[in-house]
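Q: Pasting a structure here, questions to come.
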Amino acid sequence: MTTHLTTSPTDAAARIRRGQIVAFPTETVYGLGADAFNPEAVRRIFAAKGRPSDNPLIVHIHDLAQVDDLAATVPDAAATLLEHFVPGPLTLILPKRPTVPDVVTGGLDTVGIRMPRHPVAQVFLEACACPVAAPSANRSGRPSPTTWEAVLADLDGRISCILKGDRTPVGLESTVVDCTEVPPLVLRAGAITLEQLQAVWPSVRLSPDVHTAKRRSPGTRYRHYAPRAHICLVDHPDEAEAAPDTAYIGLDAPSDTFGLHLACDDLDDYAHELFDFFRRCDAADIATIYAQRVQERGLGVALMDRLRRAAAG
Ligand code: AMP
Ligand code: MG
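First residue of the sequence shown: 659, per the numbering used here; consecutive thereafter.
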């Protein structure tokens, strides 16, 4: 298969209508989409990524009216979160309608729904005129792609089309909140922080197993976000062993010389840069990446989650 590159959302959407799979930019990372109501098309996503079939996909919408096509009910907490954070980098887990194909939800009776706020994603999703099931557009286990070049590197020849956009602004995946639980549980930390969620729905909790391998959100069980290089977490750049084949990323600037290094301005910048830095390290044959730990507040919770999982690989 030749992977077609385009900047036209309507061209990309026409392919979705024909049952093909298409990568597209969002504010979090690039997604790999298919018509959520076409099980044959959705299966192609799993094949292209090498993704385990019990790992559910998030369904992307462009209009709140589509929630009722996917969800059987919308609990009060979900309605409030929708009002405050949607469109945006937030995925809500709701009870699914029987019409949502099992292949989308990994056989679960719930469905994850998200409406991106990225302008290109919005135009694309509207032109698709169907809900679009989409995980991140990387080979399973690799860091999520934040540029169209990263999508091409992982999936060239395996997908129909890449809708080219700029580098994604957030750089980490969406926050996933299970609204079928009382109180609602954060299954995956992301760009919308626990503090932001609690400001509008005070009882929201981090899932007790959010920091462990055994998690309710099936996909989060698997090895994730990992570059080929070994990841070593450090509290300060001085702990890192500088060498031509080692790299460093963190908030504090290192005084030694690494093969590659990046001192980030703040947590947002660290999140924005992380996956792209991992991929640049792989391209430069870096053997060990030293990544500086951050405080687990705000976006720091999501960053530490991704760093720990990358280090566990
Ligand atoms: P990705 O976009 O590649 O990060 O994959 C989507 C992720 O969303 C999955 O790995 C799950 O962690 C989460 N997810 C999607 N649907 C559900 C669901 N119904 N229940 C729990 N988690 C879900
Ligand atoms: Mg993913």
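For glycine and all other residues, C-beta sits at the position ideal for the given N, C-alpha and C.
Assuming serine 818 and isoleucine 679 make a contact with CB atoms under 8 Å, what is their CB distance in whole Å?
A: Walking along the sequence shown from the start, residue 818 turns up at place 160. Walking along the sequence shown from the start, residue 679 turns up at place 21. So it is a contact: roughly 6 Å between Cβ atoms.
Q: When every heavy atom of the ligand MG is checked, does at least one fall within less than 7 Å of the C-beta of proline 793?
A: In the sequence shown, counting from the first residue as 1, residue 793 sits at position 135. Yes; taking the cut-off as 7 Å, the Cβ of proline 793 has a heavy atom of the ligand MG nearer than that.
Q: Just reading off the alpha helix (DSSP H) that threonine 804 is part of, what are its end residues?
A: Mapped onto the sequence shown, residue 804 falls at position 146. Looking at the DSSP string, threonine 804 is not in any alpha helix (DSSP H), and its letter there is neither H nor E.
Q: Where glycine 677 and arginine 701 are concerned, what is the direct C-alpha to C-alpha distance, given to the nearest angstrom?
A: Counting from one through the sequence shown, the residue named residue 677 turns up at place 19. Counting from one through the sequence shown, the residue named residue 701 turns up at place 43. Their backbone Cα atoms lie some 10 Å apart in a straight line.
Q: Counting only the same chain and skipping the five closest in sequence on each side, list residues whose C-beta sits under 8 Å from that of alanine 706.
A: By 1-based counting over the sequence shown, the position of residue 706 is 48. Excluding sequence neighbours, alanine 706 sits near Ile679, Leu690, Leu813, Arg816, Ile817.
Q: Have a look at valine 918 and tyrosine 948 and give me their C-alpha separation to the nearest angstrom.
A: Numbered from its first residue, the sequence shown carries residue 918 at position 260. Numbered from its first residue, the sequence shown carries residue 948 at position 290. Before going further, note that residue 918 is leucine rather than valine in the sequence given. So the two alpha carbons sit approximately 10 Å from each other.
Q: Could you tell me whether any Cβ in chain C is nearer than 8 Å to the Cβ of alanine 672?
A: Structure shown: chain C not included; a single protein chain is present.
Q: With three or more beta-carbon pairs closer than 8 Å as the criterion, would you say the region 704–723 touches the region 844–857?
A: The region 704–723, when compared against the region 844–857, does not touch it at the 8 Å Cβ threshold.
Q: I'd like to know whether the C-beta atoms of isoleucine 716 and arginine 772 end up nearer to each other than 8 Å.
A: To locate residue 716, count along the sequence shown from 1; it is residue 58. To locate residue 772, count along the sequence shown from 1; it is residue 114. Going by C-beta atoms, isoleucine 716 is nearer than 8 Å to arginine 772.
Q: First and last residue of the beta strand (DSSP E) that includes leucine 845?
A: Against the sequence shown, residue 845 aligns to sequence position 187. Residues 843–846.
Q: Any heavy atom of the ligand AMP closer than 7 Å to the CB of threonine 749?
A: Stepping through the sequence shown from its first residue, residue 749 is reached at position 91. Yes.
Q: Which residue's Cα is closest to the Cα of leucine 752: Val862, Ala736, Leu722, Arg825?
A: Here residue 752 refers to the residue found at position 94 of the sequence shown. Measuring from the Cα of leucine 752, the nearest candidate turns out to be Ala736.
Q: Once you ignore the five residues that flank alanine 808 on each side, which residues in its own chain have a CB closer than 6 Å to its CB?
A: To locate residue 808, count along the sequence shown from 1; it is residue 150. Within the same chain, alanine 808 has close Cβ partners Arg937.
Q: Quick one: grab the DSSP three-state call for lysine 872.
A: Here residue 872 refers to the residue found at position 214 of the sequence shown. With a pLDDT of only 43 at lysine 872, under 50, the local geometry of the prediction cannot be trusted, and no value is derived from it.
Q: Which ranges does the beta strand (DSSP E) cover as unbroken runs of at least 3 residues, wholly within the region 915–942, from first to last along the chain?
A: Those beta strand (DSSP E) runs which fall completely within the region 915–942 and span 3+ residues are 918–921.
Q: Quick one: is the Cβ of valine 892 within less than 7 Å of any heavy atom of the ligand AMP?
A: Numbered from its first residue, the sequence shown carries residue 892 at position 234. Incorrect: valine 892 has no Cβ contact closer than 7 Å to the ligand AMP.
Q: In the DSSP assignment, what residue or residues form a beta bridge with isoleucine 820?
A: Within the sequence shown, the letter at position 162 stands for residue 820. Isoleucine 820 pairs with Leu663, Ala681.
Q: Which residues does DSSP pair with glycine 829 in a beta bridge?
A: Numbered from 1 along the sequence shown, position 171 holds the residue referred to as residue 829. Paired residue(s): none; glycine 829 is not in a bridge.
Q: Any chance the region 751–766 sits against the region 881–899, with 3 or more Cβ pairs inside 8 Å?
A: Flag = no, the region 751–766 and the region 881–899 do not touch.
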